[in-house]
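Chains as they are written, first to last, in our numbering: chain A, 1 to 569; chain B, 570 to 730.
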Amino acid sequence: MRRTGAQIVWEMMKREGVEVAFGIPGGAIMDVYHPRQEYGIRHVLMRHEQCAAHAADGYARASGRVGVAMATSGPGATNLVTGIATAMMDSSPIVCITGQVPTPLIGSDAFQETDITGITLPITKHNYLVTDVDELAYTIHEAFYIARSGRPGPVLIDIPKDVQRAETDFVPPEGEIRLPGYRPVGQGDPEAVRQAADLINSAQRPVILAGHGVLMSGAVDALRAFAEKTDTPVALTLLGKGGFPASHPLALGMMGMHGEAFVNQAIQEADLLLAFGMRFDDRVTGKLEHYAPKARKVHVDLDAAELNKIVQVDVAILGDLRQVLEQLLPLVERTSHWEWRGQIDRWREESRARDIVNRPSNGHVLPPQVVNALWEATEGRAILVTDVGQHQMWAAQYYHLDRPHTIITPGGLGTMGFGLPAAIGAQVARPDREVWAVVGDGGFQMTLQELATVVQEQLPLRIALFNNGYLGMVRQWQELFYGRRYESTGLLNPDFVRLVEAYGVRGWRVTDPEEIRPAIAEARSHPGPAFVEFQVAQEGDDGNVYPMVPAGAALHEMIRRPMPVVEAR
Amino acid sequence: MKNTLIALVEDKPGVLNRVASLFRRRAFNIESLTVGHTEQPGVSRMTIVVDSARTDVRQVTQHLYKLVNVIQVEDVTERPSVMRDLALIKVRANGGARSEVMQLVETFRARVVDVGLETLMVEVTGTEEKIDGLVEVLRPFGIVEMVRTGRVAMVRGGNGQ
Numbered sequence: 001m002r003r004t005g006a007q008i009v010w011e012m013m014k015r016e017g018v019e020v021a022f023g024i025p026g027g028a029i030m031d032v033y034h035p036r037q038e039y040g041i042r043h044v045l046m047r048h049e050q051c052a053a054h055a056a057d058g059y060a061r062a063s064g065r066v067g068v069a070m071a072t073s074g075p076g077a078t079n080l081v082t083g084i085a086t087a088m089m090d091s092s093p094i095v096c097i098t099g100q101v102p103t104p105l106i107g108s109d110a111f112q113e114t115d116i117t118g119i120t121l122p123i124t125k126h127n128y129l130v131t132d133v134d135e136l137a138y139t140i141h142e143a144f145y146i147a148r149s150g151r152p153g154p155v156l157i158d159i160p161k162d163v164q165r166a167e168t169d170f171v172p173p174e175g176e177i178r179l180p181g182y183r184p185v186g187q188g189d190p191e192a193v194r195q196a197a198d199l200i201n202s203a204q205r206p207v208i209l210a211g212h213g214v215l216m217s218g219a220v221d222a223l224r225a226f227a228e229k230t231d232t233p234v235a236l237t238l239l240g241k242g243g244f245p246a247s248h249p250l251a252l253g254m255m256g257m258h259g260e261a262f263v264n265q266a267i268q269e270a271d272l273l274l275a276f277g278m279r280f281d282d283r284v285t286g287k288l289e290h291y292a293p294k295a296r297k298v299h300v301d302l303d304a305a306e307l308n309k310i311v312q313v314d315v316a317i318l319g320d321l322r323q324v325l326e327q328l329l330p331l332v333e334r335t336s337h338w339e340w341r342g343q344i345d346r347w348r349e350e351s352r353a354r355d356i357v358n359r360p361s362n363g364h365v366l367p368p369q370v371v372n373a374l375w376e377a378t379e380g381r382a383i384l385v386t387d388v389g390q391h392q393m394w395a396a397q398y399y400h401l402d403r404p405h406t407i408i409t410p411g412g413l414g415t416m417g418f419g420l421p422a423a424i425g426a427q428v429a430r431p432d433r434e435v436w437a438v439v440g441d442g443g444f445q446m447t448l449q450e451l452a453t454v455v456q457e458q459l460p461l462r463i464a465l466f467n468n469g470y471l472g473m474v475r476q477w478q479e480l481f482y483g484r485r486y487e488s489t490g491l492l493n494p495d496f497v498r499l500v501e502a503y504g505v506r507g508w509r510v511t512d513p514e515e516i517r518p519a520i521a522e523a524r525s526h527p528g529p530a531f532v533e534f535q536v537a538q539e540g541d542d543g544n545v546y547p548m549v550p551a552g553a554a555l556h557e558m559i560r561r562p563m564p565v566v567e568a569r
Numbered sequence: 570m571k572n573t574l575i576a577l578v579e580d581k582p583g584v585l586n587r588v589a590s591l592f593r594r595r596a597f598n599i600e601s602l603t604v605g606h607t608e609q610p611g612v613s614r615m616t617i618v619v620d621s622a623r624t625d626v627r628q629v630t631q632h633l634y635k636l637v638n639v640i641q642v643e644d645v646t647e648r649p650s651v652m653r654d655l656a657l658i659k660v661r662a663n664g665g666a667r668s669e670v671m672q673l674v675e676t677f678r679a680r681v682v683d684v685g686l687e688t689l690m691v692e693v694t695g696t697e698e699k700i701d702g703l704v705e706v707l708r709p710f711g712i713v714e715m716v717r718t719g720r721v722a723m724v725r726g727g728n729g730q
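Rendered as structure tokens:
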């Protein structure tokens, strides 16, 4: 079969199971775009390439499949960079296909030429510049395999225009992958597993730290069985949310900088930490010298470079988490830690007393109460896609998840502007599900042009905007640690409701706590895309995310939520 | 302490760049890095010397393995191996100095590979210590130019596979 390079791109994507790609055409990629319709793969036209990468990422996280982003050479390719770095930090499987100037012009500073494989070297799991059309089919096959296997991540394929146009005899690559040095791991070393089981069987105050790896290795059921057999409480990282049901009696909730105080207290007092598919990010550990000082530590991860990278552990197990948990399960004794769990429950009660959901709102729209109302209205069944900042932490604290893959958030890179485009990807992946983009007024304005994409694609996406007129998380730090000098964080915002309506999105504005639930109900019953702006408290106790571990402090040195003021009489 | 790592990598475009980029990005301190062909077509071999006082050698190994084109990494520091560095040294040697230099070269089992009017070019192979020693004794004559390859290493004996 004679095929052009462009046809091979779609042919191979189809064979890899791709149903949709997100992108923007341009001079150096239009040859690839040209035959798309012959292959029945959907294309979602974005308004900025950064958003194409975020949408592919959101699609990947919502579907468990590889997301695809496409861009032209030069500025199209460089615009992808932030989205690629985001996917890299959160181990999200995406494949980016970029056009490149014709091979004879490479290196000549041709129009819209940029060295995108050089630029993305440190932020991709792997990348390719394909200079021979005969290598194209296999390269695409290998790229998808690398993106989704082992620790997933972004892969970029740069294809010069002459390679796209060249014809060759298309031979579909056979199943085998020719990568002598690439060996995704499976079971853990039995000796290390046995050592871990010994520590588990002798622990008195164990805590499981469950991360993104639980979701990615499909270990949700295995984790639950393990936790129940060993009666071990489970704390989650931000990206681990959904890996253990929030309503389970052993569920603690999120750990770290904005985790609940009792969760961090439990970690600090534990005698054994079981780190499952997490990587001891600095937002999780606080000051390392004082991190869980009483605990022996077991770390299970599929990336050898993560073991003993930040925290030196007693037992490190290299392996796929689900398989390692299945190895561990028969070796651990069924036990009860009633005393330890009683202690944690007493800390939990003390934290609950401070819960902002129970606070009188004093006429303010309190963001946690908005998230709580959203959680109740959707019964926790919506897919929540967040941006970065205060609203992200409130969403993580108050949208309690019983199911995996229902919160999508840029945890590692902390990319403002991620929320809306990633929600587009999630909605495209799951057209049957209710998807909410939860964003702040700062991040929303970094990518709000994608409202046009939402309307053009007729996506029923819902958007909740928390508007406090500030780059809120930076302002919070300024309030708490920089003498309340709000340097360059105040935002003079547009009329968001009129703005979204100009795009063709129905908008509501909420300024009174009484309006929260009705507005959410109206937005949910609206058939098309819907937008609700919540004008929320700007500063002080009602405008800050608590609890909080200040940067550089130990995990137990939290700024707590203020106790509710009991009114006299 | 200096650790010696041997890395077998696929001979593909950009592999050296990937390795160098990794060291830069992770702030690994590298003393030397040599690359060359091996007995296997398509496989290159890197010898990497790491200062283990400043850089976690295990982390270097594990991060190298994360590069898709890296096939195998081995720390041979503790294994009986042959380690060699090669140097070309152009040293000022005229008049009476010339025979003195040639005697020193003889003592170090080095070779004179080029003779100029004012200079001699010396080739020496050996451990870094041996080469350092020769450089030290040649320095008073005036070293005009020098190039060193950096360490290459191979484990002794083995199963003859």
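Here a beta-carbon is modelled for each residue, glycine too, at the ideal position from N, C-alpha and C.
Owing to the predicted nature of the structure, the values given are computational and were not obtained by experimental measurement.
Q. From His248/A to Ala222/A, what distance separates their C-alpha atoms?
A. 15 Å
Q. Short check: CB of Asp271/A to CB of Ala373/A, under 8 Å?
A. no
Q) Considering only C-alpha positions, which residue in the set Pro93/A, Ala295/A and Asp512/A is nearest to Pro367/A? A) Answer by Cα proximity: Asp512/A.
Q) Which residue from Val549/A, Gln397/A and Gly64/A puts its Cα closest to that of His212/A? A) Gly64/A
Q: Answer yes or no: does any C-beta atom of chain A fall closer than 8 Å to that of Arg587/B?
A: yes
Q | Three-state secondary structure assigned by DSSP to Thr718/B | A | coil
Q: Can you have a look at Lys297/A and say buried or exposed, based on whether 16 or more other CB atoms are within 10 angstroms of its CB?
A: buried
Q.
Quick check on Glu579/B - is its C-beta less than 8 Å from some C-beta in chain A?
A. Yes, Glu579/B counts as interfacial toward chain A.
Q) At a CB-CB cut-off below 8 Å, which residues of chain A make contact with Val619/B? A) In chain order: nothing, as chain A lies at least about 15 Å away.
Q.
Mapping the DSSP letters down to three states, classify Gly507/A as helix, strand or coil.
A. strand
Q.
Tell me the DSSP secondary structure of Pro13/A in three-state form.
A. A quick correction: the sequence has Met, not Pro, at residue 13/A. Here Met13/A sits in helix by DSSP.
Q) Where in the stretch 37-120 of chain A do unbroken runs of the beta strand (DSSP E), each at least 3 residues long, occur, reported from the N-terminal end onward? A) 42-45, 67-71 and 94-100
Q. Looking at chain A, which residues of the stretch 641-668 of chain B have a Cβ within less than 8 Å of any of its Cβ atoms?
A. Gln641
Q: Anything in chain A within Cβ reach of Gln609/B, meaning under 9 Å, just list it in chain order.
A: Those do not exist, as Gln609/B stays about 10 Å from chain A at its closest Cβ, beyond 9 Å.
Q: Please decide whether Val626/B counts as near chain A, where near means a Cβ-Cβ distance under 8 Å.
A: Not one chain A Cβ lies under 8 Å of Val626/B.
Q) Does DSSP put Ala551/A in a helix, a strand or coil? A) coil
(Q) At the 8 Å Cβ level, is Val674/B part of the contact set with chain A, yes or no? (A) With 8 Å as the cut-off, Val674/B does not count as an interface residue toward chain A.
Q. Taking a cut of 7 Å between CB atoms, which residues from the stretch 123-146 of chain A lie near chain B?
A. His126 and Ile146
**Q.** C-beta contact flag for Thr98/A and Ala55/A at 8 Å
**A.** no
Q: Give a yes or no on contact between the stretch 390-405 of chain A and the stretch 18-38 of chain A, applying the rule of three or more CB pairs nearer than 8 Å.
A: no
Q | Host beta strand (DSSP E) of Thr603/B (start-end) | A | Its beta strand (DSSP E) spans residues Ile599 to His606.
Q.
Distance cutoff 8 Å, beta carbons only. Does Asn638/B sit that close to anything in chain A?
A. yes
Q. Can you tell which of Arg708/B, Val588/B and Ala679/B has its C-alpha closest to the C-alpha of Thr616/B?
A. Val588/B
Q) Arg47/A and Thr453/A look like a contact to me (Cβ under 8 Å); what is the Cβ gap, rounded to whole Å? A) 6 Å
Q | Ser613/B vs Ala722/B beta-carbon contact at 8 Å | A | no
Q) Of all the alpha helix (DSSP H) runs that stay within the bounds of the stretch 419-445 of chain A, which reach a length of 4 or more residues? A) 419-429
(Q) If the cut-off is 8 Å on Cβ atoms, which residues from the stretch 293-326 of chain A count as contacting chain B, listed in chain order? (A) Asp303, Ala304, Ala305, Leu307, Asn308 and Lys309
Q) Skipping 5 residues on each side, what residues in its chain have a beta carbon closer than 6 Å to that of Ser91/A? A) Closer than 6 Å at Cβ, skipping near neighbours: Arg151, Pro152 and Gly153.
Q) Is Val388/A helix, strand or coil by DSSP? A) In the displayed model, Val388/A falls within coil according to three-state DSSP, outside both helix and strand.
Q. Counting Cβ pairs closer than 8 Å, one from the stretch 334-343 of chain A and one from the stretch 195-209 of chain A, do we hit at least three?
A. Yes, the stretch 334-343 of chain A is in contact with the stretch 195-209 of chain A.
Q: Give the straight-line distance between the Cα atoms of Val101/A and Thr573/B, rounded to the nearest whole angstrom.
A: Between Val101/A and Thr573/B, the alpha-carbon positions lie close to 41 Å from each other.
Q) From what residue to what residue does the alpha helix (DSSP H) around Tyr33/A run? A) Where Tyr33/A is concerned, the enclosing alpha helix (DSSP H) starts and stops at Met30 to Tyr33.
Q. In the DSSP assignment, what residue or residues form a beta bridge with Gln641/B?
A. Leu577/B
**Q.** Assigned secondary structure, Thr4/A (DSSP; H/G/I helix, E/B strand, else coil)
**A.** strand
Q: Can you give me the start and stop residues for the beta strand (DSSP E) that Lys309/A sits inside?
A: It is not in any beta strand (DSSP E) - Lys309/A carries neither H nor E in the DSSP assignment.
Q.
Within 8 Å of any Cβ in chain A, is that where the Cβ of Arg594/B sits?
A. yes
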